[in-house]
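Engineer: Here it is: the structure, laid out below.
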Amino acid sequence: MRFRISSVAALLLISCSASQVWAATATVRDASTLQLGNVTYRLDGIDAPAFDQLCIDEHADSWTCGVEGRDQLTKLIGGRQVRCDDLGVDPAYKKRHLGACRIEGETTSLSQLLVRQGFALNVESSATGRFNTDEARAKEDRLGLWKGCFVAPQEFRLGKKDGTLLGGSCRADRDKEIRDALFPEDLAMPSGCNIKGKFAVRARVTGNVGIYHLQSCGSYPALTKPDRWFCSEGDAQAAGFRRAFNCRPAAKSK
């Protein structure tokens, strides 16, 4: 006996396959990136601190807000299953996808939770303002990043030292000191992240913002004051950096 699928049913099948949902134990890569199985998702609608980003706290002390942001996302998940609606390839980096991700059984997205806790900013272009209220409340209550002083994560990733200072503890009379702390001349290496990145005008020829140097690169020892640190080649490439040309072949990044 043959069965005929109606046009409506066929459309539903196509729709489901085009918006695939994954459910798995998540591996957190940074404050806005997680991996489910073989797929890496960037959380949709937010801008969260890069893993090596520094911020200033309410006591004017420097703190590793990028590391804390990653740890905060890990705590939110708490080892539970995560579901991500796959929104397609990330236009910023083709090897990862955009995801609207939630903890299994929760209705609030991880993106919104991070904004509520002050560890991510709303991004108008992709979130169309849906987290504006959450961001305003976190700012008013001085939660997370907002307790001190920082630059938007996107401006940190591009090395914009003259970017707008954000937060409840930014003092106009300490502008230079704050910027020196947010963009230190000798940026400390986060644990386990030994890939060095340097902003370079010549990298723009290939559409990049800088060059990254592996330990297998001849240039690695001479680069004593990197602008960025990365945990994997994928992280460096996603940030817009290309590999230095004097590197020996390296093991494939996970």
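First residue of the sequence shown: 410, per this note's numbering; consecutive thereafter.
Quick reminder that beta carbons are idealized off the backbone N, C-alpha and C, glycines included.
Just so we're clear, the structure is a prediction, and the values are computed from it rather than from any experiment.
Looking only at its chain, what residues have a beta carbon closer than 8 Å to the beta carbon of leucine 523, apart from the 5 residues adjacent to it on each side?
Structural biologist: The answer, listed in chain order, is Ala440, Ser441, Leu452, Ile455, Ala457, Gly478, Gln481, Leu482, Leu485 and Ala529.
Engineer: Going by C-alpha to C-alpha distance, which of Asp550, Gly601, Gly643 and Gly488 sits closest to glycine 576?
Structural biologist: Here the closest residue by C-alpha is Asp550.
Engineer: Go ahead and label alanine 509 buried or exposed: buried means 16 or more other beta carbons lie within 10 angstroms of its beta carbon, across all protein chains shown.
Structural biologist: That one is buried.
Engineer: Give the secondary structure of glutamine 490 by DSSP, where H, G and I count as helix, E and B as strand, and everything else as coil.
Structural biologist: Glutamine 490 falls in the strand class under three-state DSSP.
Engineer: Identify which residue in Gln521, Phe608 and Glu513 has its Cα closest to the Cα of alanine 645.
Structural biologist: For alanine 645, the nearest C-alpha among the options comes from Phe608.
Engineer: Can you tell me which of the three DSSP states aspartate 589 falls into?
Structural biologist: Three-state result, aspartate 589: helix.
Engineer: Quick one: grab the DSSP three-state call for alanine 656.
Structural biologist: Looking at the sequence itself, residue 656 is cysteine, so the reference to alanine does not match. Cysteine 656 falls in the strand class under three-state DSSP.
Engineer: Is it the case that the Cβ atoms of cysteine 626 and asparagine 603 are separated by a distance below 7 Å?
Structural biologist: Cβ distance not < 7 Å, so cysteine 626 and asparagine 603 don't count as in contact.
Engineer: Rounded to the nearest angstrom, what separates aspartate 595 and leucine 496 at their Cα positions?
Structural biologist: So the two alpha carbons sit approximately 38 Å from each other.
Engineer: Does the Cβ of alanine 664 have 16 or more other Cβ atoms within 10 Å, making it buried, or fewer, making it exposed?
Structural biologist: The chain is shown from 410 up to 663; residue 664 falls before or after that span and cannot be answered.
Engineer: How would you label alanine 435, buried or exposed, when you count the other beta carbons within 10 angstroms and need 16 or more for buried?
Structural biologist: Buried, by the Cβ-count rule.
Engineer: Quick one: is asparagine 447 buried, meaning 16 or more other Cβ sit within 10 Å of its Cβ, or exposed?
Structural biologist: Asparagine 447 is exposed by the Cβ-count criterion.
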